[in-house]
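In this note's numbering, the protein residues as written are 32 to 694.
Glycine included, every Cβ here is placed at the ideal spot set by N, Cα and C.
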Amino acid sequence: MRPTALLFSLLLIFLSACDDGQNAQKSAAFYADPEAFIFSQLQAGQSETRQVRIRNLGRVDLKLSQIQLEDHSTQAEFKLQAAFNDVQGPLEAHYTLSPEKDSLLFSISYTPLDSGDDSAVLHLKTNDPEALDVQLPVTTRSQGAELFVSPTSIDFGTVNAGEIAQKTVTLTNLGASTLIIESLTLNGSSDFSLVASDAGFFEDVSLETGQKTQVIIQYAPLTLGSDQGELLIRSNDAFQPVRVVDLRSNGAAPCLRAPAQIDFGLGLISSSSEPSNQKALSISSCGNAALNIYKLSITDPNGVFSVLSDSVSQDGSPLATLPAATETEASRDFMLGFAPAAEQSYGGWLTIDSNDPASPHRIELFGRGSQNACPIPKVTQTQFDVTPLDIITLDASPSYDPGGQVVRYVWTVVSRPEGSVSQVVESYDDLSRPADGGPLDDETTSRALFFVDLAGDYQLELKVYDNLGQVSCSPYDRVTIEVHAVPQKDLHVQLVWSTPDDPDETDRIGTDVDLHLRHQNAGDLWSAHADMWDCYFNNKTPDWGILNDVTDNPTLDIDDKNGAGPENINLANPEADHYYDIGALYFNAFSTFGIENADPRTAHTSYATVRIFIKGSLLAEFVDQPLTENRQLWWVARLNWCEDPLRCPTIEERGEMLSEAEY
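1. Just tell me which of Pro143, Gly468, Met688 has its CA closest to the CA of Asp102.
2. Which class does Val118 belong to by DSSP, given the choice of helix, strand or coil?
3. Could you check what DSSP says for Asn218 in three-state terms: helix, strand or coil?
4. Out of Leu178, Pro168, Tyr250, Asp148, state which residue places its alpha-carbon closest to the alpha-carbon of Asn191.
5. Looking only at DSSP bridge pairs, what is Val165 linked to?
6. Please classify Gln454: is it buried, with 16 or more other beta-carbons within 10 angstroms of its beta-carbon, or exposed?
7. So what's Gln375 in DSSP terms, helix, strand or just coil?
8. Below 8 Å on the Cβ atoms is my guess for Asn218 versus Gln242; work out the distance and round it to an integer in Å.
9. Rounded to a whole number of angstroms, what is the C-alpha to C-alpha distance between Asp543 and Gln525?
10. What is the rounded straight-line gap between the Cα of Asp268 and the Cα of Val276?
11. Are the Cβ atoms of Arg669 and Tyr617 separated by less than 8 Å?
12. Quickly, what does DSSP pair Thr330 with across the bridge? List them, please.
13. For a test of the three-state rule: what should DSSP assign to Asp467, helix, strand or coil?
14. Please give me, in chain order, every unbroken run of the beta strand (DSSP E) with length at least 3 that falls completely inside the segment 455-510.
15. Report back the beta-carbon spacing between Ser430 and Val437 to the nearest angstrom; my notes put them in contact at under 8 Å.
16. Using DSSP bridges, identify the partner residues of Arg84.
17. Pop quiz: Leu238 and Thr209 are said to be a contact at Cβ under 8 Å. What is the actual Cβ separation, rounded to whole angstroms?
18. Measuring alpha carbon to alpha carbon, tell me which residue in Pro657, Asn116, Ala67 is nearest Trp528.
19. Go through its chain and collect everything with a Cβ distance to Ala196's Cβ below 6 Å, but skip five positions before and after it.
20. Please classify Gln663 as buried or exposed, where buried requires at least 16 other C-beta atoms within 10 Å of its C-beta.
21. Based on the DSSP secondary-structure assignment, which residues constitute the bridge partners of Phe415?
22. Around the Cβ of Ala355, are there at least 16 other Cβ atoms within 10 angstroms (buried) or fewer (exposed)?
23. Use the C-beta contact count for Asp364: other C-beta atoms within 10 angstroms, 16 or more gives buried, fewer gives exposed.
24. Strictly by DSSP, which residues pair up with His550?
25. Does the Cβ-Cβ distance between Phe61 and Val169 come in under 8 Å?
26. Under the DSSP definition of a beta bridge, which residues are partnered with Lys94?
27. Compute the distance between the beta-carbons of Ser316 and Glu360, then report whether it is under 8 Å.
28. Mind reading off the beta-carbon distance from Gly576 to Asp583? Whole number of angstroms is fine, and I expect it under 8 Å.
29. Are the CB atoms of Gln309 and Pro506 within a distance shorter than 8 Å?
30. When you measure from the CB of Gly296 to every non-hydrogen atom of the ligand ATP, does any distance come out below 7 Å?
31. Looking at the unbroken beta strand (DSSP E) that takes in Pro657, where does it start and where does it end?
32. With DSSP collapsed to three states, give me the class of Glu693.
33. In the DSSP assignment, find the beta strand (DSSP E) that holds Val581 and state where it starts and stops.
Next up, the structure:
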């Protein structure tokens, strides 16, 4: 690495470290709209569907896992489906939502088969520190009031003596008539106290249908130690007039976190005791003291479930010890097996003995035997080393099913560079403009296409389904494809942007932000005023450097007009002892973004990010600059180029915002 570039990189690392300190609170932020699935009063045989859209309003990726519908209806009358970015697909084990871009739509259909009262709860876990365990209620609106409480348990963690911590409980009326909160009572440790509710008092709070209120619980210990308590909520809810919220402070106590149930799905019937399906059980330490796991034992009348890892220590010491949770939770995986002997459903449970005060922890186990073997996903290529803007072919034709036929091939983009919006497609409307996209992948065909829109690393996964609807299962449940995109030109400039007002940044309507690379011969002028010396959408391949020599000319490879980008400019041979200016211009909004009677010319704030690569390596990144007005220009930086590798290239951040009259 050039010393000057090294110095600049060290400066970037230093600035990033400072920024990390200032932004230590950046995290994923779970958002659900609405916060419940509320169905009408239906007669037996009628059907209705309700939806909840999940978004990430945070600054880092939101990860969703352990998604399960706890169905309290008499005959399994609720059905759950999911659509990632409005693309319908099978319910996945986990989802990753990038900030303000991706969305996950849960749809629940309800077909009552009798006249009884039905309900359910959709459970999921997230990496949002404020919403680790999410419960979305599913209710059939009765004629009376119905209280929904979230959360139903609170752990304050460790709070030092003399300090104060507060947590919030939300009370929502999901019923059809007025809900009256008659009283709120705290039992247990006197270190817990009731501070306030947004209604301003604790008795006779009235909530209309859909209305909510919040109660703040305060924990102020006088001494260090474990405390427990409960909040009793009395209301006119006809079904549960008294609700309980468990309260505890771990102090220095250990805490075990594990899923409530594990479903092995379909398992191939075999006379052998070898498991046909395997699942990893992840146990995490969530307390402020080390967690000791002593024993895993299975209760199973049919003998089809087993622990494949060590399940009990031979010398009496802990089977595993996980450190206390600080900023993150330490975890340990144990492998479980399922070996069905007949074509039927099986159930059992796993018990975990530990030093958690709530031990033992019980996990329900489910599975079903099948004569049909799981299909096996395979691909012709698992790793791609490409340059940005390449199109790769995803080929799953080697996939096969030992007992049938593979009929569906489901590709998922698991991870990607920030700002990438490319989707797996069946074909492109215009191969010369792959950024414009094309019809989404036809899952009945084994081949698909993927446009590598940004430099960086991508990870895609393949699952397959057979003609009986069985999905590929452990140990061959999915195949992972790695894509590494490295720019080859001397200079590669990349622009992406996000617009919070844009509900779908992958469609063909959105804000238009343009990338500019300006030669020093342009002076202080930009766009058309700079004549041939500004490379942008209206001057994509200007003749710079040696006249009529295309090898030293810049090229704008993508001009994205529909929101989010990306746009790229490449330059193979920058001129020695010259400088180049990089800019981003908010050209237009071009959309009402669903706002009734809105003027499509109205600007909606977009947040632009520019990355500068030198010979394939990221030299500088300028993140989330707000652009608020049409024709506003962000003069990002100046790049100084020379032939001396000890001095060049260097970056001068400009960060100037110019109106149209100023350029």
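The short version:
1. Closest option to Asp102, Cα to Cα, is Pro143.
2. It is a strand residue.
3. In the three-state DSSP reduction, Asn218 falls in the strand class (E or B).
4. For Asn191, the nearest C-alpha among the options comes from Tyr250.
5. Beta-bridge pairing links Val165 to Leu155.
6. Taking all protein chains shown into account, Gln454 has 16 or more neighbouring C-beta atoms within 10 Å of its C-beta and is therefore buried.
7. It is coil, neither helix nor strand.
8. Contact between Asn218 and Gln242 fails: their C-beta atoms lie close to 27 Å from each other, not under 8 Å.
9. Near 15 Å, if we compare the C-alpha coordinates of Gln525 and Asp543.
10. In this structure, the straight-line span from the alpha carbon of Asp268 to that of Val276 is close to 16 Å.
11. No, Cβ-Cβ distance for Arg669 and Tyr617 is not below 8 Å.
12. In the DSSP assignment, Thr330 is bridged to Trp380.
13. Taken through DSSP and simplified to helix, strand or coil, Asp467 comes out as helix.
14. The DSSP assignment places complete beta strand (DSSP E) segments of no fewer than 3 residues inside the segment 455-510 at 478-482, 487-497, in order along the chain.
15. With 8 Å as the limit, Ser430 and Val437 qualify as a contact, their Cβ atoms being about 5 Å apart.
16. In the DSSP assignment, Arg84 is bridged to Asp64, Leu136.
17. About 7 Å; that satisfies the 8 Å criterion.
18. It is Pro657.
19. Result list for Ala196: Phe187, Val190, Tyr250, in chain order.
20. Gln663 should be labelled buried.
21. DSSP lists Val514 as partners of Phe415.
22. With 16 or more other Cβ atoms within 10 Å, it is buried.
23. That one is exposed.
24. As computed with DSSP, His550 is found in a beta bridge with Tyr611.
25. Using a Cβ distance threshold of 8 Å, Phe61 and Val169 do not count as a contacting pair.
26. As computed with DSSP, Lys94 is found in a beta bridge with Thr127.
27. Yes. Within cutoff.
28. Here Gly576 really is in contact with Asp583; their C-beta atoms are around 3 Å apart, less than 8 Å.
29. In this structure, Gln309 lies closer than 8 Å to Pro506 by Cβ.
30. In the structure on display, the ligand ATP does not appear, and there are no ligands present to speak of.
31. Unbroken beta strand (DSSP E) run through Pro657: 648-658.
32. The three-state reading of DSSP puts Glu693 in helix, counting H, G and I together.
33. Val581 -> no beta strand (DSSP E), and no H or E assigned at all.
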